[in-house]
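Peer 1:
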């Protein structure tokens with residue numbers, strides 16, 4: 018069963034990303050929103066963990082842009098309609114509140 022994991026808290030002040038990565042299945046994916054997009058910081062430990070997770074990584078475009086993060090070819094940036102569509106492609110959506 019595929020799960021789309023949605024994270025919104027900064028990986029530099031919170032352990033949700035770390036916990037999520039431990040539970041990922043091979044058919045899962047991650048969407049970063051809000052301060053969770055800081056995980057895309059080049060050269061950071063959160064980015065290294067995401068890059069080696071072996072799952073698709075998405076981020077909300079507006080949130081990455083608002084935090085002036087550089088684009089990353091390994092991450093698909095989504096607008097809100099694309100995010101909603103993505104949720105329909107997975108069996109479950111788990112929001113890490």
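In the numbering used here, the protein residues as written are 18 to 114. Yeah, the Cβ is synthetic: ideal placement off N, Cα and C, and Gly gets one too.
#1: Can you find the residues in the same chain that come closer than 6 angstroms, C-beta to C-beta, to residue 46, ignoring five residues on each side of it along the sequence?
#2: Taking the beta carbon of residue 108 as the centre, do at least 16 other beta carbons fall within 10 Å, making it buried, or is it exposed?
#3: First and last residue of the beta strand (DSSP E) that includes residue 29?
#4: Please list the segments of the beta strand (DSSP E) lying wholly inside the region 42-104, counting only runs of 3 or more residues, in order along the chain.
#5: In the DSSP assignment, what are the bridge partners of residue 36?
#6: By alpha-carbon positions, which one of 38, 70 and 58 ends up nearest to residue 80?
#7: Can the beta-carbon of residue 34 be found less than 7 angstroms from the beta-carbon of residue 24?
#8: What residue range does the beta strand (DSSP E) around residue 21 cover?
#9: Going straight from the alpha carbon of residue 51 to that of residue 32, what length do you get?
Peer 2: In this structure, then:
#1: Residue 46 sits at position 29 when you count from the first residue of the chain shown. The answer, listed in chain order, is 21, 72 and 73.
#2: For the purposes of this step, residue 108 is taken as residue 91 along the chain shown, with counting starting at 1. Exposed.
#3: Here residue 29 is taken as the residue at index 12 of the chain shown, counted from 1. Counting along the chain, residue 29 falls outside any beta strand (DSSP E), and DSSP gives it neither H nor E.
#4: Given a length threshold of 3 residues, each whole run of the beta strand (DSSP E) inside the region 42-104 is given here in chain order: 46-49, 73-77 and 92-95.
#5: Translated into the one-based positions of the chain shown, residue 36 becomes position 19. Residue 36 is not bridged to any residue.
#6: Your numbering for residue 80 matches position 63 in the chain shown. Residue 58 is the option with its Cα nearest to residue 80.
#7: Residue mapping note: residue 34 aligns to position 17 of the chain shown, counting from 1. Residue mapping note: residue 24 aligns to position 7 of the chain shown, counting from 1. In terms of Cβ geometry, residue 34 and residue 24 form a close pair [threshold 7 angstroms].
#8: For this step, residue 21 is matched to residue 4 along the chain shown. Counting along the chain, the beta strand (DSSP E) containing residue 21 begins and ends at 20-24.
#9: Counting from one through the chain shown, the residue named residue 51 turns up at place 34. Counting from one through the chain shown, the residue named residue 32 turns up at place 15. So the two alpha carbons sit approximately 15 angstroms from each other.
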